[in-house]
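Chemist: What follows is a structure written as structure tokens; I'll ask about it next.
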Amino acid sequence: MAYLAPSILSADFTRIEEAVKTIEEGGADFLHVDIMDGHFVPNLTFGPQLVASLKQKTALPLDVHLMVEHPRQFVPMFQEAGADWISIHLEATAHIHKDITQIKELGCKAGIALNPATPIHLMNDIIRELDYVLIMTVNPGWGAQKFVDTTLAKISNLKNWIKGQKLEILIEVDGGIKYDNLQEIALAGADILVVGSGIFKSPEPLDMVKKMKELLKEADSS
Ligand code: DX5
Ligand code: ZN
Numbered sequence: 002m003a004y005l006a007p008s009i010l011s012a013d014f015t016r017i018e019e020a021v022k023t024i025e026e027g028g029a030d031f032l033h034v035d036i037m038d039g040h041f042v043p044n045l046t047f048g049p050q051l052v053a054s055l056k057q058k059t060a061l062p063l064d065v066h067l068m069v070e071h072p073r074q075f076v077p078m079f080q081e082a083g084a085d086w087i088s089i090h091l092e093a094t095a096h097i098h099k100d101i102t103q104i105k106e107l108g109c110k111a112g113i114a115l116n117p118a119t120p121i122h123l124m125n126d127i128i129r130e131l132d133y134v135l136i137m138t139v140n141p142g143w144g145a146q147k148f149v150d151t152t153l154a155k156i157s158n159l160k161n162w163i164k165g166q167k168l169e170i171l172i173e174v175d176g177g178i179k180y181d182n183l184q185e186i187a188l189a190g191a192d193i194l195v196v197g198s199g200i201f202k203s204p205e206p207l208d209m210v211k212k213m214k215e216l217l218k219e220a221d222s223s
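What the sequence shown shows, in our numbering, is residues 2 to 223, in sequence order.
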């Protein structure tokens with residue numbers, strides 16, 4: 002069954018602990034934390050201190066999505082803060098092999114994130130090294146954007162590639178996922194679904210997490 006990874010980016014930051022408890026109670030599988038540096042993307046979000054505080058409040062694996070330039074410089078700080086999974090953008094580094102090796106040597110699951118227009122074949126010579134691939138289904142930078150439809154085929158193409166090569170790599174999908182398109186995305190091949198505004202901006206986040214988990218269960222048995 003596919004996993005649900007609520008993104009804290011859309012939570013009320015004055016009540017962040019409550020948000021974490023809500024998604025835990027609903028049955029979330031990961032906590033997704035979006036790190037933006039104001040360079041790779043125009044927006045700025047959190048640093049390692051927030052990750053360290055979250056680590057003290059939850060047993061959920063922390064899935065840290067680095068939307069930063071020079072990821073090598075930042076990866077050790079986030080690992081030390083408690084990140085369990087770390088993804089870096091292929092577009093943000095000229096040394097992707099070196100950077101992925103660094104993440105793995107620090108004991109974290111290592112993933113490559115791809116912007117909507119970055120083709121999957123660019124991972125040809127590194128895919129075997131990865132624990133997961135994060136397919137961005139919006140242009141990174143903000144929550145609550147519209148799902149880019151062309152990415153659906155990209156998810157299934159990647160799934161076929163992984164299956165064809167008999168690899169054990171998970172596909173994470175991030176951006177514009179709501180209750181209405183969650184199942185379609187899971188059926189296209191997503192193993193981990195990141196949802197921000199679709200949970201935290203809904204009137205009842207707890208119910209929404211539970212309903213999304215139900216949908217993922219259904220998708221699994223169909
Ligand atoms: C966007 C972030 C996403 C964001 C998703 O750059 O990577 O993780 O939180 O938010 P929604 O689900 O609202 O598109
Ligand atoms: Zn993200």
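We put the beta carbon where it would ideally sit given N, CA and C, even for glycine.
Reducing DSSP to helix, strand and coil, say where isoleucine 178 ends up.
Modeler: Reduced to three states, the DSSP call for isoleucine 178 is coil.
Chemist: Does the ligand DX5 have a heavy atom nearer than 7 angstroms to the CB of leucine 5?
Modeler: Leucine 5: no, Cβ never under 7 angstroms from the ligand DX5.
Chemist: Closer than 7 angstroms: is that where the CB of aspartate 175 sits relative to any heavy atom of the ligand ZN?
Modeler: Result yes, Cβ under 7 angstroms from the ligand ZN.
Chemist: Grouping DSSP H, G and I as helix and E and B as strand, with all else coil, what is alanine 111?
Modeler: It is a strand residue.
Chemist: Which of the three DSSP states is assigned to proline 206 in this structure?
Modeler: In the structure shown, proline 206 sits in a helix (DSSP, three-state: H, G or I).
Chemist: Helix, strand or coil, according to DSSP, for aspartate 64 in the structure here?
Modeler: Three-state result, aspartate 64: strand.
Chemist: If you draw a straight line from the alpha carbon of histidine 40 to that of proline 72, how long is it in whole angstroms?
Modeler: Their backbone Cα atoms lie some 12 angstroms apart in a straight line.
Chemist: Can you check the region 97-162 for any alpha helix (DSSP H) of at least 4 residues that lies completely inside it and give the ranges in chain order?
Modeler: For the region 97-162, whole alpha helix (DSSP H) runs of length 4 or above, ordered along the chain, are 97-106.
Chemist: Are the region 59-78 and the region 17-36 touching, with three or more C-beta to C-beta distances below 8 angstroms?
Modeler: Yes, the region 59-78 touches the region 17-36.
Chemist: DSSP three-state label for aspartate 38, please.
Modeler: Three-state result, aspartate 38: strand.
Chemist: Which two residues bound the contiguous alpha helix (DSSP H) that contains alanine 82?
Modeler: Residues 72-82.
Chemist: Can you pull the DSSP bridge partners for proline 7?
Modeler: Val196, per the DSSP bridge assignment.
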